[in-house]
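2 protein chains.
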Amino acid sequence: MDEQRQLEQLRTEIDATDGELVELLLRRRRLAAEVGKVKRQLGQPLYVPDREAKMLEDRRQQAAAVGLSPDLIEDVLRRVIRESYQQQQAADVHLQDKNIVVVGGAGALGQLFVRLFESAGASVAILDKDDWPRAADIVAGADLVLVSVPIAITPQVIADLPELPARCVLADVTSIKQTPLQAMLDKHQGPVVGLHPMFGPQQQTLAKQLIVVSHGRGQEHYQWLLESIVRWGANLQEFEASAHDQAMAFIQVMRHLSTFVYGVHLARERVDLQQLLELSSPIYRLELMMVGRLFAQNAELYADIILSQPQNFAMMRRYLQRFDTIIGELEAGDKAAFLREFAEVAAYFGQFSTDFLNDSQRLLSLAGDTHQIR
Amino acid sequence: MDEQRQLEQLRTEIDATDGELVELLLRRRRLAAEVGKVKRQLGQPLYVPDREAKMLEDRRQQAAAVGLSPDLIEDVLRRVIRESYQQQQAADVHLQDKNIVVVGGAGALGQLFVRLFESAGASVAILDKDDWPRAADIVAGADLVLVSVPIAITPQVIADLPELPARCVLADVTSIKQTPLQAMLDKHQGPVVGLHPMFGPQQQTLAKQLIVVSHGRGQEHYQWLLESIVRWGANLQEFEASAHDQAMAFIQVMRHLSTFVYGVHLARERVDLQQLLELSSPIYRLELMMVGRLFAQNAELYADIILSQPQNFAMMRRYLQRFDTIIGELEAGDKAAFLREFAEVAAYFGQFSTDFLNDSQRLLSLAGDTHQIR
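Same order as they appear, the protein sequences are chains Y and R.
The first sequence maps to residues 3 to 376 in the working numbering.
The second sequence maps to residues 3 to 376 in the working numbering.
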């Protein structure tokens, strides 16, 4: 029983160390909150990539020097840093002189922007379904009208807007860009910009989130809006509306539709999900999560995204045709064809496939950390 | 510039805190290594779910009490605990009296088992391609013959084995179970067991990994093998070979094949991957990673897994048929059909879909932590 007592003793010491860890993280969080305050006073952006990279690199070197895994300290610090960003999100008041109208501000994404603008000191008005009789009053004096309504009605809502002040910025946050941008340019002679926030409304902050910008007209007049978005921590990417929409055929339509049919197939094959989970490696569990999570979300939203660009169906038909051909080859036992196609795609992915394998391995390890209990 | 100096000062303090963090994690790792040693002396398993759960819960409560996010401390500790398990993997000598032959021991998965058995003190011999002339000598006196060869040749390799000692355990690690298990039962009158390690050969340890067990014959004679696997930290799940293979139609064939065709489609559509990545939200980046990573791996292995069960092609044809029907509905603009099917699948997933959404959200946040620099 001596070793058993030794084990208990060691566990007590580990618990004490973990207690110190909590204290240390608390101290760090307080310091980070202070940093956030000072940055706001200085008007500096929340997210400074170089500072973060250097901070991580210094700690990696220290860890390596003492024989601790550099990946461990980096993973831990990244997780801690995320928490800091969330802490630092508190009001950065810099839009006190702006009057902003969010059309569809009662929706999930609209609410996020309302909150952000309000926390920055702007006067924010909402123009939602029931407010249209007062629309002209609501937009009077607006510096920005941001349209955040379902994709299927976006062009009509834009067309129905009352006349806007000449210097007012008209912007939208729809997940396609060509049609809404054109509708906005047709509607309004002043500054116009299309935005596509590439994240779901469950996101609490913009820190490190991606937002696509498709320029319309008069960029100098909406530069303040883009600067606010960067200040909130987002990562802006400029894309032509047409290039954006083409890529979305794959990033949204191809993905949502194949995930949807995957789910339909599992349901119709009456697959026992509990059994599937018991048999799942972390990677398959992740795959199943990616399918299942779709069905906890808004069916209308997915229907609208898929139906918004009918020209994508021809591309999906080509996918089906390829699937059909490949199954035919496999049914004929043509392993050589499979290996040939595999090599073709491996060449197409090039270095990306190895990078993806390494990155996903790292992520699956993180997923594996939580696998047992949740 | 006063605030600028204050910012520098705060950053210096944060760096000092992070330096302390490295020291603390180093101390913890040393304690955990001690725990590993004592556990080995006591012959106790590496992974004790209750101890881990209690440790996490205590820290969560401490964090909540001082106003720190309980999720933060849990994520950090889980990452730290993973490192501890890897540290604790050093030799646990308990198989000194076993003679083990790994057929295909030069392959990636075979090597992992060779390493594990050797670290546990067993005498391990390898029977690989060039060793067949000496096969009878190699298996003489074996307590375990573990077959780890490509799925396509597994039944033949088993049939070609020399006669084994009567009390020798015959086991395999193939990713289907019915055919190999039957081949082993036909070959050998002694104890027989089928194993399916549900992880890739890149895995360094068995800690928290899933291994499926399909019992063949004489469980009391291979109980020692299962106990070793648990001692190494793996999670064993018992499944009938037929139920296992049915589930694998979805977990492997459906998944690998649809991922494969997804890759073929992207390549043939000449999609610009760099542009796709620039436009990717964390969740789509993850999806693209899951597709691309396949093509950094062994084409033969995937071909063999897909071709090993030709009866699955009918199931895949049903999937294609469903896809075709749904595209037809969408082409006809039948949103109501989409919404109806969506509701059907949402009902099928039930609580799982919400759980998956929450779990994946948590994981995507972890992925997002690393998004900017890698």
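Backbone N, C-alpha and C define an ideal beta-carbon position, used for all residues, glycine too.
None of the values given here were measured: they were computed from a predicted structure.
Item checked: Near-chain Y residues of the region 308 to 324 of chain R - C-beta to any C-beta below 9 Å -> I308, L309, P312, F315, M317, M318, R319, R320, Y321, L322 and R324
Checklist line | Cα-Cα separation, G330 of chain Y to A154 of chain Y | finding: Taking the first residue of the first sequence as 1, we reach residue 330 of chain Y at position 328. Taking the first residue of the first sequence as 1, we reach residue 154 of chain Y at position 152. Roughly 38 Å between the two C-alpha positions.
Margin query: Which residue marks the beginning of the alpha helix (DSSP H) containing L341 of chain Y, and which one marks its end?
Written below: Mapped onto the first sequence, residue 341 of chain Y falls at position 339. That run of the alpha helix (DSSP H) goes K337 to F351.
Notebook entry, point to check: Using a Cβ-Cβ distance under 8 Å, would H246 of chain R count as near chain Y?
Noted result: Numbered from its first residue, the second sequence carries residue 246 of chain R at position 244. Output row for H246 of chain R: interface = yes.
Notebook entry, point to check: Would the region 93 to 101 of chain R and the region 112 to 131 of chain R be scored as touching if the rule is three or more Cβ pairs under 8 Å?
Noted result: yes
Item checked: beta strand (DSSP E) segments (min. 3 residues) lying fully within the region 164 to 212 of chain Y -> 171 to 174 and 194 to 199
Notebook entry, point to check: Nearest chain Y C-beta to R376 of chain R closer than 8 Å, yes or no?
Noted result: Translated into the one-based positions of the second sequence, residue 376 of chain R becomes position 374. With a pLDDT of 28 at R376 of chain R, under the threshold of 50, the predicted position of this residue should be treated as unreliable, and no value is reported.
Item checked: Limits of the beta strand (DSSP E) - the one that S125 of chain Y falls within -> Against the first sequence, residue 125 of chain Y aligns to sequence position 123. Taken as a continuous stretch (DSSP letters only), the beta strand (DSSP E) holding S125 of chain Y covers S125 to L129.
Notebook entry, point to check: Is V68 of chain R closer than 8 Å to V24 of chain Y when the C-beta atoms are compared?
Noted result: Locating residue 24 of chain Y in the first sequence gives position 22, counting from the first residue. Locating residue 68 of chain R in the second sequence gives position 66, counting from the first residue. Yes. Within cutoff.
Notebook entry, point to check: Closer than 9 Å, Cβ to any Cβ of chain A: which residues of the region 213 to 231 of chain R, in chain order?
Noted result: As a matter of chain content, chain A is missing from the structure shown, whose protein chains are Y and R.
Margin query: Just to confirm the assignment, what range does the alpha helix (DSSP H) spanning N314 of chain R have?
Written below: For the purposes of this step, residue 314 of chain R is taken as residue 312 along the second sequence, with counting starting at 1. Counting along the chain, the alpha helix (DSSP H) containing N314 of chain R begins and ends at N314 to E333.
Note to self: Using only CA atoms, which one of R:M317, R:D145, R:A298 and R:E120 lies nearest to Q225 of chain R?
What the structure shows: In the second sequence, counting from the first residue as 1, residue 225 of chain R sits at position 223. When each option's Cα is compared against that of Q225 of chain R, the closest is R:D145.
Check: Does the Cβ-Cβ distance between V175 of chain Y and R324 of chain R come in under 8 Å?
Finding: Mapped onto the first sequence, residue 175 of chain Y falls at position 173. Mapped onto the second sequence, residue 324 of chain R falls at position 322. Not in contact: V175 of chain Y and R324 of chain R (Cβ atoms no closer than 8 Å).
Check: When DSSP labels each residue in this structure, what does N360 of chain R get in the three-state scheme?
Finding: Walking along the second sequence from the start, residue 360 of chain R turns up at place 358. If DSSP states are grouped into helix, strand and coil, N360 of chain R belongs with the helices.
Next item on the list: Compare the C-alpha of V215 of chain R against each of R:A269, R:T207, R:V82 and R:N237 and name the closest.
Entry: Mapped onto the second sequence, residue 215 of chain R falls at position 213. Nearest C-alpha to V215 of chain R: R:N237.
Item checked: I307 of chain Y, enclosing alpha helix (DSSP H) - first and last residue -> As a first step, residue 307 of chain Y is located in the first sequence; it is residue number 305 there, counting from the start. A301 to L309 is the span of the alpha helix (DSSP H), which, as asked, contains I307 of chain Y.
Notebook entry, point to check: Going along the chain, which residues of its own chain have a beta-carbon closer than 7 Å to the beta-carbon of V232 of chain R, five neighbours each way excluded?
Noted result: For the purposes of this step, residue 232 of chain R is identified with residue 230 of the second sequence, where counting begins at 1. Excluding positions up to five away in sequence, the list reads P47 and L238.
Next item on the list: Have a look at Q313 of chain Y and V273 of chain R and give me their C-alpha separation to the nearest angstrom.
Entry: Numbered from its first residue, the first sequence carries residue 313 of chain Y at position 311. Numbered from its first residue, the second sequence carries residue 273 of chain R at position 271. The straight-line gap from Cα to Cα measures roughly 16 Å.
Item checked: Segment limits, beta strand (DSSP E) that includes E242 of chain Y -> Taking the first residue of the first sequence as position 1, residue 242 of chain Y is located at position 240. Looking at the DSSP string, E242 of chain Y is not in any beta strand (DSSP E), and its letter there is neither H nor E.
Margin query: Beta-carbon within less than 7 Å of Y264 of chain Y's beta-carbon, same chain only, minus the 5 sequence neighbours each way: which residues are those?
Written below: As a first step, residue 264 of chain Y is located in the first sequence; it is residue number 262 there, counting from the start. Around Y264 of chain Y: V293.
Margin query: Comparing C-alpha positions only, which one of Y:I213, Y:T327, Y:A298 and Y:T261 sits nearest to E280 of chain R?
Written below: As a working note, residue 280 of chain R is residue 278 in the second sequence. When only C-alpha atoms are compared, the closest one is Y:I213.
Note to self: Count Cβ pairs between the region 8 to 22 of chain Y and the region 29 to 45 of chain R that sit closer than 8 Å; are there 3 or more?
What the structure shows: yes
Notebook entry, point to check: Who does S216 of chain R pair with in a DSSP beta bridge?
Noted result: In the second sequence, residue 216 of chain R corresponds to position 214, counting from 1. DSSP lists R:G196 as partners of S216 of chain R.
Next item on the list: Measure from the alpha carbon of R320 of chain Y to the alpha carbon of each residue in R:R320, R:D326, R:A349 and R:A316, then state which is nearest.
Entry: By 1-based counting over the first sequence, the position of residue 320 of chain Y is 318. That would be R:D326, whose Cα lies nearest to the Cα of R320 of chain Y.
Note to self: Can you look up Q374 of chain Y in the DSSP assignment and give me helix, strand or coil?
What the structure shows: What you label residue 374 of chain Y is simply residue 372 of the first sequence in a count that begins at 1. Because Q374 of chain Y carries a pLDDT of 39, less than 50, the predicted location of this residue cannot be relied on, and no value is offered for it.
Margin query: Run through the DSSP bridge pairs and tell me what L111 of chain R is partnered with.
Written below: Along the second sequence, one-based indexing puts residue 111 of chain R at 109. None; L111 of chain R has no bridge partner.
Checklist line | G21 of chain Y to G107 of chain R span [Cα, whole Å] | finding: Walking along the first sequence from the start, residue 21 of chain Y turns up at place 19. Walking along the second sequence from the start, residue 107 of chain R turns up at place 105. So the alpha carbons of these two residues sit roughly 45 Å apart.
Check: Taking the C-alpha atoms as reference points, what is the distance between F351 of chain R and L275 of chain Y?
Finding: Taking the second sequence and counting its residues from 1, one reaches residue 351 of chain R at position 349. Taking the first sequence and counting its residues from 1, one reaches residue 275 of chain Y at position 273. Each residue's Cα considered, the two are about 8 Å apart.
Note to self: Mapping the DSSP letters down to three states, classify V147 of chain R as helix, strand or coil.
What the structure shows: The residue labelled residue 147 of chain R in the question sits at position 145 within the second sequence. Strand, per DSSP.
Notebook entry, point to check: What is the residue span of the alpha helix (DSSP H) that I102 of chain R lies within?
Noted result: On the second sequence, position 100 is the one that residue 102 of chain R refers to. Here I102 of chain R belongs to no alpha helix (DSSP H); instead the beta strand (DSSP E) covers N101 to V105.
Note to self: What are the residues in the region 254 to 269 of chain Y lying within 9 Å of chain R by C-beta distance?
What the structure shows: Q254, M256, R257, L259, S260, T261, F262, V263, Y264, G265, V266, H267, L268 and A269
Next item on the list: Measure the alpha-carbon distance for A269 of chain R versus W134 of chain Y and round it to whole angstroms.
Entry: Numbered from its first residue, the second sequence carries residue 269 of chain R at position 267. Numbered from its first residue, the first sequence carries residue 134 of chain Y at position 132. Taking the straight line joining both Cα atoms gives about 48 Å.
Margin query: Tell me the DSSP secondary structure of H267 of chain R in three-state form.
Written below: Looking up residue 267 of chain R in the second sequence gives position 265. In this structure, H267 of chain R counts as helix in the three-state DSSP scheme.
Next item on the list: Take L114 of chain Y as the anchor and find which of Y:P199, Y:L309, Y:E229 and Y:F340 has the nearest alpha-carbon.
Entry: Reading the first sequence from its first residue, position 112 is the one you call residue 114 of chain Y. Nearest option by C-alpha distance: Y:P199.
Item checked: Contact check, V149 of chain R vs I160 of chain R, beta carbons under 8 Å -> Your numbering for residue 149 of chain R matches position 147 in the second sequence. Your numbering for residue 160 of chain R matches position 158 in the second sequence. Yes.
Margin query: In this structure, how does DSSP classify L70 of chain R when only helix, strand and coil are distinguished?
Written below: For the purposes of this step, residue 70 of chain R is taken as residue 68 along the second sequence, with counting starting at 1. It is coil, neither helix nor strand.
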